[in-house]
Amino acid sequence: MTHAQAFSQSFSQTKDSTSEIADRQYWMSVLARADLSDLETYWQNLPLQPTFRHLRKPEIGMAMVRGRTGGTGSPFNLGEITLTRCVVELDGSTQGFGYVSGRSRRHAELAALFDGLMCENSGKHGPALIQPLHEQWLARREKVSRKAATTKVNFMTMVRGS
Numbered sequence: 001m002t003h004a005q006a007f008s009q010s011f012s013q014t015k016d017s018t019s020e021i022a023d024r025q026y027w028m029s030v031l032a033r034a035d036l037s038d039l040e041t042y043w044q045n046l047p048l049q050p051t052f053r054h055l056r057k058p059e060i061g062m063a064m065v066r067g068r069t070g071g072t073g074s075p076f077n078l079g080e081i082t083l084t085r086c087v088v089e090l091d092g093s094t095q096g097f098g099y100v101s102g103r104s105r106r107h108a109e110l111a112a113l114f115d116g117l118m119c120e121n122s123g124k125h126g127p128a129l130i131q132p133l134h135e136q137w138l139a140r141r142e143k144v145s146r147k148a149a150t151t152k153v154n155f156m157t158m159v160r161g162s
């Protein structure tokens with residue numbers, strides 16, 4: 001079972017803090033990877049948009065990305081990426097956080113707003129929002145993988161006979 005499937009089933013079950021943390025990590029990663037246009041569409045289609053204020057306006061910074069040799073070896077500093085973050089407070093109570101790679105202030109703001117909505121409503125928006133965004137991201141990733149696979153070159157060595 002994928003985390004997306006477990007996530008959709010978990011709304012009707014009693015939650016412990018470990019599953020709540022895992023669910024939030026999951027939806028925050030989906031929101032960070034989603035297309036800005038998709039988030040804008042979901043935001044415009046909300047029946048009632050909450051009032052909010054910025055605790056931390058969207059700001060751009062840098063973050064160090066770490067890698068591992070062969071994916072499992074010793075960690076090393078791979079390089080820096082541009083990162084945008086935002087923190088909002090919904091209706092004076094719930095805080096939402098948004099972290100996205102790149103320089104899109106609006107993307108970080110929408111990610112923070114949806115994170116706050118997910119926390120405030122115990123994931124009520126999850127099935128309608130997070131699953132379609134995750135599926136769209138998987139489709140985009142698959143499309144890029146297929147395109148990259150067409151450029152793959154298979155080299156083979158030939159042994160000369162003696």
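Numbering (the numbering used here), first residue to last: 1 to 162. C-beta atoms are modelled at their ideal positions from N, C-alpha and C, and glycine is treated no differently. Here the structure is a predicted model, which is why all the values come from computation and not from measurement.
Exercise. Is the region 19 to 28 touching the region 110 to 118, taking contact as three or more C-beta pairs under 8 Å?
Worked result: yes
Problem set entry | Reduced DSSP secondary structure (H/G/I, E/B, other) of Gln-49 | Along the sequence shown, read from residue 1 onward, the residue named residue 49 stands at position 49. Reduced to three states, the DSSP call for Gln-49 is coil.
Exercise. Looking only at its own chain, which residues have a Cβ that is under 8 Å from the Cβ of Val-87, when we skip the five neighbours before and after it?
Worked result: Within the sequence shown, numbered from 1, the residue matching residue 87 stands at position 87. His-54, Leu-55, Arg-56, Gln-95, Gly-96, Phe-97, Gly-98, Ala-112.
Problem set entry | Buried or exposed by the 16-neighbour rule on C-beta atoms within 10 Å, applied to Val-153 | Numbered from 1 along the sequence shown, position 153 holds the residue referred to as residue 153. Exposed: under 16 other Cβ atoms inside 10 Å.
Exercise. So the alpha helix (DSSP H) Ser-104 belongs to, where does it begin and stop?
Worked result: On the sequence shown, position 104 is the one that residue 104 refers to. That residue, Ser-104, is in no alpha helix (DSSP H); it is neither H nor E in DSSP.
Exercise. Just how far apart, CA to CA, sit Glu-80 and Thr-41?
Worked result: In the sequence shown, residue 80 corresponds to position 80, counting from 1. In the sequence shown, residue 41 corresponds to position 41, counting from 1. Each residue's Cα considered, the two are about 31 Å apart.
Exercise. Can you tell me where the alpha helix (DSSP H) with Thr-41 in it begins and where it stops?
Worked result: Translated into positions along the sequence shown, residue 41 becomes position 41. Taken as a continuous stretch (DSSP letters only), the alpha helix (DSSP H) holding Thr-41 covers 36 to 44.
For this session: Please name the residue in Gln-131, Leu-110, Val-65, Leu-46 whose C-alpha comes closest to that of Pro-58.
Result: Numbered from its first residue, the sequence shown carries residue 58 at position 58. Taking only the C-alpha atoms, the option nearest Pro-58 is Leu-110.
Problem set entry | Member of Asn-77, Ser-74, Leu-83, Leu-36 whose CA lies at the smallest distance from the CA of Ala-63 | Numbered from 1 along the sequence shown, position 63 holds the residue referred to as residue 63. Closest option to Ala-63, Cα to Cα, is Leu-83.
For this session: Just mark Val-144 as buried or exposed, buried being the case when its beta carbon has 16 or more other beta carbons within 10 Å.
Result: By one-based count along the sequence shown, residue 144 stands at place 144. Exposed.
Problem set entry | Reference Leu-48; option with closest CA among Pro-132, Asp-91, His-134 | The residue given as residue 48 occupies position 48 in the sequence shown. Per the Cα distances, Asp-91.
For this session: Would you give the residue range spanned by the beta strand (DSSP E) that Thr-82 belongs to?
Result: Numbered from 1 along the sequence shown, position 82 holds the residue referred to as residue 82. From DSSP, the beta strand (DSSP E) with Thr-82 extends over 75 to 90.
Exercise. For Phe-52 versus Glu-89, is the C-beta spacing smaller than 8 Å?
Worked result: Mapped onto the sequence shown, residue 52 falls at position 52. Mapped onto the sequence shown, residue 89 falls at position 89. Closer than 8 Å, so yes.
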